[in-house]
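Comments concern the structure below.
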Amino acid sequence: MIILGASGSIGINALAIAERYKLPIEVLGVGKNIALLNTQILRFQPKAVIIANPNDKKYITQDFKGKIYTGDDGILQAIKEAESKLVINALVGFIGLAPTLCAIDCGKNVALANKESLVVGGDCINMRHIIPIDSEHFSLSYLLNFNKTPRPFRNLYITASGGAFRDIPIETIHNQNAENALKHPNWKMGQKITIDSATMVNKLFEILEAYWLFGSKNLNAFIERNSHIHALVEFWDGSVVAHFANANMQLPIAYAICFGLGLEEEFLRDFKDNQRSIIEHLNFQNINYKFENIDTKRYPLWNLKDKLLENPKLGLILNAANEVAVEAFLQNSIVFGEIQKLVQDALNAFKNPDFNDIKSIQSLDLKVREYTKAHLL
């Protein structure tokens, strides 16, 4: 398999699953963390690696005799030249879209953790090649496919933790800084997704992902503070089923890898014969579960949900403006509340986005970024 974003939390967990099932790694891709890459090279023996900067080639361990690709073009070249049938796309941000499209064009399956691929380019992606890694979409897929005979559903629900500011006084949220926003209550994640959890942009992304993956606009989200219930499906017969699991990404990653490589039988046999779980089992004692509506006074960007479902192409505008705003916030150039204003301003300026291929997507993405940068406070 190919792992893009091997130095991040998803990539590291994917390597742990590959090691458990003794699956070979053909290509490892990282950004700037060459020290970790060198450790991974020695442990997993990939045939090729991808790094962001060609000047970092000299830092790669001399024991590595495989091919070294560099930059964004190197990612695409590696995908085209690799024999692997599965690409794990754990890249962060808009940069992940082109590799997703490239992998599909090459006939490969994509285990997708890169939210932006669907948020921005869902209209251009063949969903038959996509296996979601997000815990919410994995859970929805698990629930919908549990029986071989599909049942018509009425509503799909995903859950949110509420992020770092779910309990502080609302009037103090606007002026919060990055240090405080990065204190996620339940998950250990990268910086950007942790900020997106605090603004609820991450949940907007996941609503759009669910729209493209499951073909429904009957979507909503609730806060579930334990991050144990990841998704629910309400059926037309009046019943509701929920997916419970500990907050551990190895579960959806394992399913994505094994199903993406066609190893379902081996995967299920491991459970039956060895009776070992992928993650720790839940202990239901002394745990209280409740669902809370997402308060739009605390999370004003959640007001955008219905607007985005009415016109899913607005996901491009949302993502581009949000990436610029979050980067500025992480650099302490703006305070937390200004993320919302920058995103809203961009959506007001680009109300009817029109695109149909990667070039037109990239062109509009650049315009939105330039607009948002010009409006940084």
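Each step along the sequence shown adds one to the number in this note's numbering, with nothing skipped, and position 260 is 244. We put the CB at the ideal spot given by N, CA and C, even for glycine. Keep in mind that this is a model prediction, so the values were computed, not measured.
DSSP beta-bridge partners of residue i
{"i": "tyrosine 141", "result": "Asn204 and Leu216"}
{"i": "tyrosine 53", "result": "Ile34"}
{"i": "alanine 226", "result": "Leu216"}
{"i": "glycine 13", "result": "Leu(-12) and Ile34"}
Same chain, Cβ closer than 6 Å to residue i, five either side skipped, listed in chain order
{"i": "arginine 424", "result": "Because the chain is modelled from -15 through 361, residue 424 falls outside the range shown and cannot be assessed."}
{"i": "leucine 102", "result": "Glu193 and Trp196"}
{"i": "threonine 54", "result": "Ile35 and Pro38"}
{"i": "alanine 87", "result": "Ile63, Val71 and Val94"}
Rounded distance between the beta-carbons of residue j and residue i, thought under 8 Å
{"i": "leucine 85", "j": "isoleucine 342", "result": "6 Å"}
{"i": "leucine 140", "j": "leucine 203", "result": "5 Å"}
{"i": "phenylalanine 320", "j": "alanine 215", "result": "Actually they do not touch by this definition, with Cβ atoms about 28 Å apart."}
{"i": "glycine 244", "j": "alanine 95", "result": "5 Å"}
{"i": "leucine 128", "j": "histidine 212", "result": "That pair is no contact at about 20 Å."}
{"i": "threonine 143", "j": "alanine 205", "result": "7 Å"}
{"i": "isoleucine 237", "j": "isoleucine 1", "result": "5 Å"}
Selected residue, minimal CA-CA separation from residue i, among the options
{"i": "tyrosine 273", "options": "Leu235, Glu264, Glu208 and Asn267", "result": "Glu208"}
{"i": "phenylalanine 339", "options": "Gly106, Ile18, Ser(-9) and Asn270", "result": "Gly106"}
{"i": "glutamate 264", "options": "Ile271, Lys357, Gln234 and Glu276", "result": "Gln234"}
{"i": "asparagine 17", "options": "Gly77, Ser(-9), Lys31 and Leu75", "result": "Ser(-9)"}
{"i": "glutamate 367", "options": "Ile59, Gln160, Thr54 and Arg150", "result": "Since the displayed the chain opens at -15 and closes at 361, residue 367 lies outside it and no answer follows."}
{"i": "lysine 92", "options": "Cys108, Asn98, Ala66 and Leu75", "result": "Ala66"}
{"i": "proline 38", "options": "Val14, Tyr283, Ala205 and Asn316", "result": "Val14"}
{"i": "asparagine 189", "options": "Gln259, Glu322, Lys289 and Ile88", "result": "A small correction: the amino acid at residue 189 is phenylalanine; asparagine does not occupy that position in the sequence shown. Nearest C-alpha to phenylalanine 189: Lys289."}
{"i": "valine 310", "options": "Arg138, Gly55, Gln175 and Pro134", "result": "Gln175"}
{"i": "leucine 326", "options": "Asn306, Phe334, Leu266 and Asn316", "result": "Asn306"}
{"i": "aspartate 89", "options": "Ala19, Met111 and Asn159", "result": "Met111"}
{"i": "cysteine 316", "options": "Tyr126, Ser200, Asp257 and Ala162", "result": "Checking the sequence shown, residue 316 turns out to be asparagine, not cysteine. Here the closest residue by C-alpha is Ala162."}
{"i": "histidine 227", "options": "Ile109, Gly50 and Glu120", "result": "Glu120"}
{"i": "aspartate 47", "options": "Ser344, Thr23 and Tyr5", "result": "Thr23"}
8 Å CB neighbourhood of residue i in its chain, flanking five on each side removed
{"i": "methionine 173", "result": "Ser(-7) and Ser181"}
{"i": "proline 134", "result": "Leu128"}
Spatial neighbours of residue i in its chain, beta-carbon cut-off 7 Å, leaving aside the 5 residues before and after
{"i": "leucine 348", "result": "Leu300, Pro337 and Phe339"}
{"i": "glutamate 420", "result": "No statement about residue 420 is possible, as the shown extent of the chain runs from -15 to 361 and does not include it."}
{"i": "tyrosine 239", "result": "Phe122"}
Any non-hydrogen atom of the ligand ADP within 6 Å of residue i CB
{"i": "asparagine 336", "result": "As for the ligand ADP, it is missing from this structure, which has no ligand bound."}
*Write down every uninterrupted run of the alpha helix (DSSP H) in the segment 293 to 344 whose length is 4 residues or greater and which is fully enclosed by it, in chain order.*
298 to 314 and 321 to 333
_Just to confirm the assignment: which complete alpha helix (DSSP H) runs, minimum length 4, are found wholly within the segment 84 to 126?_
99 to 105
_Contiguous alpha helix (DSSP H) assignments of at least 4 residues, all confined to the segment 144 to 178_ = 162 to 165
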